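Reviewing the structure listed below.
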Amino acid sequence: MKSKFYEKIGERLFTDILPNGLTVYYLPKADYNRTYGLFTTNFGSLDTSFVPLGESEFQTFPEGIAHFLEHKLFEKEEGDVMYKFGALGAQTNAFTSFSRTSYLFSTRENSYECTELLLDFVQKPYFTKENVEKEQGIIQQEIQMYQDDSDWRLFAGLLEKMYPDSPLAADIAGTPATINAITADDLYKNYEVFYHPKNMNLFLTGPFDIEMMSDFVRSNQAKKDFADLSEIQRKEIKASEPISGESLELEVAMPKFALGLRGEDQLSSDSKTLFKYKLANQLFLDLLFGRTSQRYEELYNSGLIDDSFGFSFDLDKRFHFAVLTADTENPQILGQTLQEAIKSYKIDRDFSEEHLDLLKREMLGDYFSSLNSLEYIANQFSSEIYGDLTFFDFPEILKELSLSEIEKFADQFISEMKKVEFTILPK
Amino acid sequence: MADGVMLHLIKESKFKTVRLMVRFREEMSADTLGKRVLISNMLESTNAVYQTGKDFSRKLSEMYGASFTTGVAKKGKQHLLSLNMSIVNPKLVDFDTLGAAVDFLKIAIFQPDAANGQFNPEIFKREQRNLLHYLASMNDDRSYYASRQLANLFFEDENQALPSVGTSELIAKENPKAVFEYYQKMLTDNAIDIFVLGDVDEKRMIERFADFNFTDRAVSKEIFYQQSLTESSVVTDEKEVAQSILQFAYQMPIAYGDKNYLALQVMNGLLGGFAHSKLFTNVREKASLAYSISSTFDSFTGFLKIAAGIDVENYEEAKSLIFEQLEAIKSGDFTELEVEQTKTMLRNAYFVGQDSPSNTIELEYVKALIPDKFLPMSEFLKALESVSKADLISVAKSLNLQAEYFMKGFTVNQEKMEVSLEK
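Printed below as a string of structure tokens:
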């Protein structure tokens, strides 16, 4: 087990890679009341095409299968695992994203029992024809619930137009039709590959004793057998040409506008460069569109945007994109203004050293504040894509980032990106 | 600090931040609600020193990303307007973020963007317009809308039926002069509580806040709202939504800190507060009749709500199954294990709340607001432990159904969903 003290933030992180391939992170927090555990597999809604265990051909599974499997893992022959956590006084939940599925518990008492339960329930599937059919009804309801959320519809609609004919265009939960096509056998085939310890990580934080907890996890894992798994073969994501300018009518008070920038440039395989690339493009958007920018001030004063204006830069090994969204009376003008700003950023008054220093200060402060939240820290670790670097290396990386580097990374991104506009209009 | 003005210091070193809050309180009224919500937005956007949103944001960024937010809330009969700041512990960044934060609060409160007896009319118009947009978009949120309708059906008192964020009508009728005049009154008449939570020097904080010079004031002590029973009402709205929403409002004769308060907590947990609850297990998990279902209560207004997201054709079935769950508790049809589990969950939630700065401050606020009824940790835990089966039955029996609201979805979206299958 490796241990590293991060002086800047005053935290000690332990990392253990177990013989079965599972990566475990421990972050002891003596003065917190609660223990939080997050068990994650690198398996999400995008992984619908891969080579099943013991086979040699790619097979494609229905959209929404990762999310379906997440729901189904909670159900065991003896009932729902949720009640077992409840009996231990703990809360549990799970979530599925494009690339990951995570299971969690949060508890004050029985932290060992909860850790054991988390590991055991995720590592012991129970899928039957009957319980698969029952779940189909529950997930249909969940899909419907999201249909009524207009902000979600905006984001989903944008992705659909940005990445047509690819898993990124599909709802993470699938559609009623794809959900109904899922069988217990499909679930097992997905489970065998993606829930192998080599493809998973566990993050534990709380007021536990590090020696006792790590021994406990090690002995739990040593008791279990797993099939040999070579490198997982996932089908590369290939989307058709994006479609810009479409809209959808819903019952909303004001138009909702989204501008998506689909990244087409080749990402670096060097972890530090990748970390910097992501941070640089976040700062790039912040410089041009953040609340400290002249542009935000003007757009806000003119009434073209309000507090709902927001933007983000998402990066994963298999995709990266920026999204800007706003409720606005005039989507067309806003779209032109945003696109124009991106095009001519080099001569932008907000693209300056002084502004960057200010934003770096803010980002560092926000980073420290985020360390109050055990959930946030755990989520950052579970989505780790930077190799040896971790979320705790953030302050060092941020410090190194200069305006010229930001320009370099932003150029790399925007010189090849594809722009997509999508709007939701009031009925 | 003065009559009706209190400073509360909470020493705590486990967080990487220091949190400050200044809270103004007065009795909820339709006359002042719109003004308070507008003030909240005005103070959050600009002031006489930081006159543009950009200057304002830049100042906060300079303080290592300090956050400054304002907010409104209801607590029983009282309306609360709060200014919140959260800053990084000065020791982490080697910069006096705390001193800067107190300065910033002082400016926000005493130097608003106003002249000639009124708020800056231009900024006022903008914030008013944004608020109206915000309220309109809140109504796009179906479950918020349903909850508003249910509250309107339930509350007899018009003031009490109003949401803490006001309504479009109340916001639209205000002007910069009337709101500024009210603001002066608010500063001199409202009860004020100031909180500082973190790794801070107490003496310095007392000095810094004494400098705010708040004067003596007589403050309202009427906290709890309780209404008598009314005719029960049922309303159905048709809306174009994929998921229908069914909600019930109950009157309960129990308030925070009452003898039966912990029994109410446990009863609600057992009914619909947790994943092992009757509603969740039987309506959602076993019968698959709802995607979301829960019960919540407000012990300052005697209001308990059951809310479910259902399929429109399951209305009758879901409704009767929901009622059955409450009946089950009334007739003692629950196990010792279910009760124990609920108690454990509540105990944990209590401790877990202490890992959050804002939660810790809220608890301290309740203590300041109703010192006689406040339950310190040991009493809370003891009272929780001693809740008996008979207590739970009696609490369940004391609930009175007062209103039902059903947002009935049309099927238009169903067709749309099928179209989207072809993608």
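Here the protein sequences come in this chain order: A and B.
Its first residue numbered 1, the first sequence is counted upward by one per residue in the numbering used here.
Its first residue numbered 1001, the second sequence is counted upward by one per residue in the numbering used here.
Built from N, CA and C at the ideal position, the CB exists for glycine as well.
Just so it is clear, the structure is predicted and the values come from calculations on it, not from any experiment.
| Asked | Found |
| --- | --- |
| Looking at the C-beta of residue 1406 (chain B), does it have a partner C-beta in chain A at a distance below 7 Å? | no |
| Could you check whether the Cβ of residue 312 (chain A) sits closer than 7 Å to any Cβ belonging to chain B? | no |
| Which bits of chain B does residue 368 (chain A) rub up against, with CB to CB less than 9 Å? | 1016, 1017, 1064, 1065, 1088, 1089, 1092 and 1093 |
| Taking the alpha helix (DSSP H) that residue 1103 (chain B) belongs to, which residues open and close that run? | 1097–1110 |
| Contact between the region 270–290 of chain A and the region 170–185 of chain A is defined here as three or more beta-carbon pairs at a separation below 8 Å; is this criterion met? | no |
| Output the distance between the C-alpha atoms of residue 969 (chain B) and residue 355 (chain A), rounded to the nearest integer angstrom. | With chain B running from 1001 to 1423 in the structure shown, residue 969 (chain B) is simply not present. |
| Would you please verify whether the beta carbon of residue 1275 (chain B) is less than 7 Å from any beta carbon of chain A? | yes |
| For residue 1148 (chain B) and chain A, any beta-carbon pair shorter than 7 Å? | no |
| Specify whether the region 326–345 of chain A and the region 272–279 of chain A touch according to this definition: at least 3 beta carbon pairs, one from each stretch, less than 8 Å apart. | no |
| Would residue 220 (chain A) and residue 1016 (chain B) be called neighbours here (beta carbons separated by less than 7 Å)? | no |
| Using a threshold of 7 Å, state whether the C-beta atoms of residue 65 (chain A) and residue 166 (chain A) are closer than that. | no |
| What residues from chain A crowd round residue 1351 (chain B), counting only those whose CB sits closer than 8 Å? | 33, 34 and 108 |
| Name the chain A residues that come within less than 7 Å of residue 1285 (chain B), Cβ to Cβ? | 80 |
| Give the single residue among A:404, A:30 and A:49 whose Cα lies nearest to the Cα of residue 11 (chain A). | A:30 |
| Between the beta-carbon of residue 1344 (chain B) and the beta-carbon of residue 387 (chain A), is there less than 7 Å? | no |
| When you compare the CB of residue 424 (chain A) with every CB in chain B, is at least one pair closer than 7 Å? | no |
| What first and last residue would you give for the alpha helix (DSSP H) that runs through residue 426 (chain A)? | First-last for residue 426 (chain A): 418–426, but that is the beta strand (DSSP E), not the alpha helix (DSSP H). |
| Terminal residues of the continuous alpha helix (DSSP H) containing residue 1032 (chain B)? | 1030–1045 |
| If you scan the region 264–332 of chain A from start to end, which runs of the beta strand (DSSP E) of 3 or more residues do you find wholly inside it? | 310–316 and 319–327 |
| Thinking C-beta only, is residue 1081 (chain B) closer than 7 Å to residue 1036 (chain B)? | yes |
| Mind checking whether residue 1299 (chain B) and residue 1256 (chain B) have CB atoms under 7 Å apart? | yes |
| Per DSSP, what kind of secondary structure is residue 1413 (chain B) in: helix, strand or coil? | Interpretation of residue 1413 (chain B) is limited by its pLDDT of 42, a score under 50 that renders its predicted location unreliable; the figure taken from the coordinates is listed afterwards. If DSSP states are grouped into helix, strand and coil, residue 1413 (chain B) belongs with the helices. |
| What is the rounded straight-line gap between the Cα of residue 1398 (chain B) and the Cα of residue 1022 (chain B)? | 37 Å |
| Report all residues from its chain with a CB closer than 6 Å to the CB of residue 70 (chain A); omit the five preceding and five following residues, and keep chain order. | 94, 96 and 101 |
| Quick check on the burial criterion: 16 or more other C-beta atoms within 10 angstroms. Buried or exposed for residue 19 (chain A)? | exposed |
| Take every Cβ of the region 108–117 of chain A, pair it with every Cβ of the region 196–216 of chain A, and state whether three or more of those distances are shorter than 8 Å. | yes |
| Measure the alpha-carbon distance for residue 427 (chain A) versus residue 1368 (chain B) and round it to whole angstroms. | 48 Å |
| List the residues of chain A that residue 1345 (chain B) touches, going by C-beta distances under 9 Å, in chain order. | 86, 89, 90 and 91 |
| Using a threshold of 7 Å, state whether the C-beta atoms of residue 1160 (chain B) and residue 1225 (chain B) are closer than that. | yes |
| Spatial neighbours of residue 208 (chain A) within its chain, please: CB distance less than 7 Å, with the 5 preceding and 5 following residues excluded, ordered by chain position. | 28, 35 and 111 |
| Rounded to whole angstroms, what is the Cα-Cα separation between residue 375 (chain A) and residue 1230 (chain B)? | 44 Å |
| Pick out the complete beta strand (DSSP E) segments inside the region 128–206 of chain A, 3 residues or longer, and give them in chain order. | 200–206 |
| Provide the residue(s) that pair with residue 6 (chain A) in DSSP beta bridges, ordered along the chain. | A:11 |
| Using 8 Å as the Cβ pair cut-off and three pairs as the minimum, do the region 1075–1094 of chain B and the region 1132–1143 of chain B touch? | no |
| Around the Cβ of residue 1244 (chain B), are there at least 16 other Cβ atoms within 10 angstroms (buried) or fewer (exposed)? | buried |
| Which full runs of the beta strand (DSSP E) of 3+ residues lie inside the region 92–121 of chain A, going along the chain? | 101–107 |
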